[in-house]
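Participant:
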Amino acid sequence: MVAPRVDPDEEEMQALCSLCFEGVPVPQVYILPHFNDILNNYVTTYRCEKCAPVSLDETRDRLLATTDRRELDSCAEFFERYNQFVLEHRRGDRNDALRAVLLTLVERIRTRDLVLDIGKPVSIKLPDFPKREEG
Ligand SMILES: [Zn+2]
Numbered sequence: 173m174v175a176p177r178v179d180p181d182e183e184e185m186q187a188l189c190s191l192c193f194e195g196v197p198v199p200q201v202y203i204l205p206h207f208n209d210i211l212n213n214y215v216t217t218y219r220c221e222k223c224a225p226v227s228l229d230e231t232r233d234r235l236l237a238t239t240d241r242r243e244l245d246s247c248a249e250f251f252e253r254y255n256q257f258v259l260e261h262r263r264g265d266r267n268d269a270l271r272a273v274l275l276t277l278v279e280r281i282r283t284r285d286l287v288l289d290i291g292k293p294v295s296i297k298l299p300d301f302p303k304r305e306e307g
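Those letters in the sequence shown? Residues 173 to 307, per my numbering, in order.
Right, dumping it as structure tokens:
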């Protein structure tokens with residue numbers, strides 16, 4: 173017997189909270205910028221509803237504390253990857269002006285006023301295997 177094929181679009185897509193490792197239905201996941209010390213950059217981070225506040229606090233506190241322009245630019249570039257263009261970054265405005273916009277975007281993620289798009293699932297192209305005869 174052949175297992176029924178499941179259309180990936182019909183499955184409920186889940187994202188994994190990378191703090192507690194719980195699966196979260198995609199419409200409920202928080203996609204947020206979080207600083208990665210190894211990469212020395214802001215990276216995309218998935219959080220469940222329980223874990224999002226502490227991570228958003230960490231991002232906010234880090235933005236408030238840094239005077240490193242490269243780090244602020246890295247956060248702006250995170251948002252630009254999600255089509256949230258940050259004029260203050262592109263224009264090279266002062267750190268305080270850029271920081272204020274980034275903090276606003278972080279708070280909009282917290283309130284769900286801004287929900288970043290996880291994007292479409294990408295199918296992996298597998299090599300063609302010989303078809304198995306049914307029956
Ligand atoms: Zn979590």
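Note that the Cβ used here is the ideal one computed from N, Cα and C, for glycine as well.
Fair warning: this is a prediction, and the values are worked out from it, not measured in the lab.
On the CB-based measure, 16 or more other CB atoms within 10 Å of its CB, does L295 come out buried or exposed?
Facilitator: Inspection of the sequence shows that residue 295 is occupied by Ser rather than by Leu. It is exposed - the Cβ of S295 has fewer than 16 other Cβ atoms within 10 Å.
Participant: What's the gap between the Cα of I281 and the Cα of I203?
Facilitator: Going from the Cα of I281 to the Cα of I203 covers about 8 Å.
Participant: Is it true that the CB of A248 sits closer than 8 Å to the CB of H261?
Facilitator: Going by C-beta atoms, H261 is nearer than 8 Å to A248.
Participant: Sort L270, R304 and S227 by Cα distance to T238 and report the nearest one.
Facilitator: Of the listed residues, the one whose Cα sits closest to T238 is L270.
Participant: Please return the same chain residues whose Cβ sits closer than 7 Å to the Cβ of R241, not counting the five positions on each side in sequence.
Facilitator: Correct list, in chain order: N267.
Participant: Is any non-hydrogen atom of ligand 1 found closer than 7 Å to the C-beta of K297, if you look at the structure I gave you?
Facilitator: For ligand 1, not one heavy atom lies less than 7 Å from the Cβ of K297.
Participant: What is the C-beta distance between C189 and V198, in whole angstroms, given that I count them as a contact (C-beta under 8 Å)?
Facilitator: That pair is no contact at about 12 Å.
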